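In what follows, a structure is listed as structure tokens, so that the remarks can point back to it.
Residue numbers (our numbering): 51 to 327.
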């Protein structure tokens with residue numbers, strides 16, 4: 051391939067990438083543009099730029115959906131769930147790697163098998179367990195359910211990463227007086243930072259945006275998370291698009307900002323995992 055052909059090929063690739071970027075960004079345009087339109091203008095022409103900017107849509111949506119409560123609830127559930135998932139899965143994977151016996155190998159296979167089970171097939175069992183534990187309609191029940199659904203994947207990712215950590219480092223720490231717990235938190239856990247940050251970001255995105263699980267467990271209006279608060283604008287017979295779209299924008303904005311800030315850690319975690327694995 052000569053230089054002229056390469057140049058044409060590169061231009062073609064760039065054009066395709068630009069078109070794909072515009073395609074992927076188009077939902078954000080529709081979301082932002084329609085969030086400041088009146089209800090009638092949304093129905094008449096959803097693709098046009100707003101003729102009049104209805105910024106009051108945001109304040110009305112915030113008040114009607116009680117977004118201050120929803121933000122607080124989503125933060126509580128997301129932060130506690132992500133911290134516990136990261137801590138428990140890292141400790142469990144560490145134990146499985148360092149005590150590499152038949153039992154731990156079978157246990158890892160069970161965790162891997164749990165990753166392929168669709169959520170829809172275990173919704174009813176999860177509800178039964180939550181009711182048995184008497185934690186239905188509470189953050190505790192939702193957080194426990196998040197742990198059960200997210201820990202298998204996190205253990206699988208940590209397991210492959212921890213196998214690359216040299217055992218000699220821990221042996222040197224033991225000689226210096228560290229017990230196994232101290233060696234894990236002082237030596238091993240800092241080395242897991244790339245994968246740890248990746249797991250934190252992925253789980254935070256999933257839990258913050260999750261609608262189905264909170265809708266099954268949380269019934270009280272004061273416990274609603276952001277997806278539940280947003281869905282309140284969609285009734286059986288009416289859809290308040292002039293309220294729902296600002297609510298969606300408010301709910302999406304924090305997690306988009308969080309992702310943009312943390313995306314480099316995802317790249318580092320994937321790159322480190324591919325090299326070390």
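Just so it is clear, CB atoms sit at the ideal spot from N, CA and C, and this is done for glycine as well. As the structure is a prediction and not an experimental result, all values here were calculated from the model.
Subject >> Identity of the residue in 241, 226 and 120 nearest residue 216 by Cα >> reply: Between residue 216 and the set 241, 226 and 120, the nearest pair of CA atoms involves 241.
**OP:** Grab the span of the alpha helix (DSSP H) containing residue 164 for me, first residue to last.
**Re:** 152 to 165
Subject >> Three-state class that DSSP yields for residue 284 in the structure shown >> reply: Residue 284: strand per DSSP, three-state reduction.
Original post:
Roughly how many angstroms separate the alpha carbons of residue 74 and residue 310, rounded to a whole number?
Top reply: Cα to Cα, residue 74 sits roughly 16 Å from residue 310.
Original post:
In this structure, what does DSSP give as the bridge partners for residue 289?
Top reply: BP columns for residue 289 point to 284.
Subject >> Any beta strand (DSSP E) of 3 or more consecutive residues that is wholly inside the stretch 193 to 281 >> reply: none
Original post:
Going by beta carbon distance, what residues of the same chain come within less than 6 Å of residue 324, once the five residues before and after it are set aside?
Top reply: Low confidence applies here, because residue 324 scores a pLDDT of 49, under 50, leaving its location unreliable; read the following figure in that light. Cβ neighbours of residue 324 beyond the five flanking positions: none.
Original post:
Is residue 203 buried or exposed, if buried means 16 or more other CB atoms sit within 10 Å of its CB?
Top reply: buried
Subject >> Reference residue 83; option with closest CA among 299, 315, 200 and 312 >> reply: 299
Subject >> For residue 134 and residue 6, believed in contact at Cβ under 8 Å, the rounded distance >> reply: Past the boundaries of the shown model lies residue 6; the chain is included only from 51 to 327, so the question cannot be answered.
Subject >> Same chain only: Cβ atoms within 6 Å of residue 253, ignoring 5 sequence neighbours per side >> reply: 132, 135 and 200
Original post:
Where does residue 306 sit, in a helix, a strand or coil, going by DSSP?
Top reply: helix
Subject >> Backbone secondary structure at residue 133 - three-state DSSP >> reply: helix
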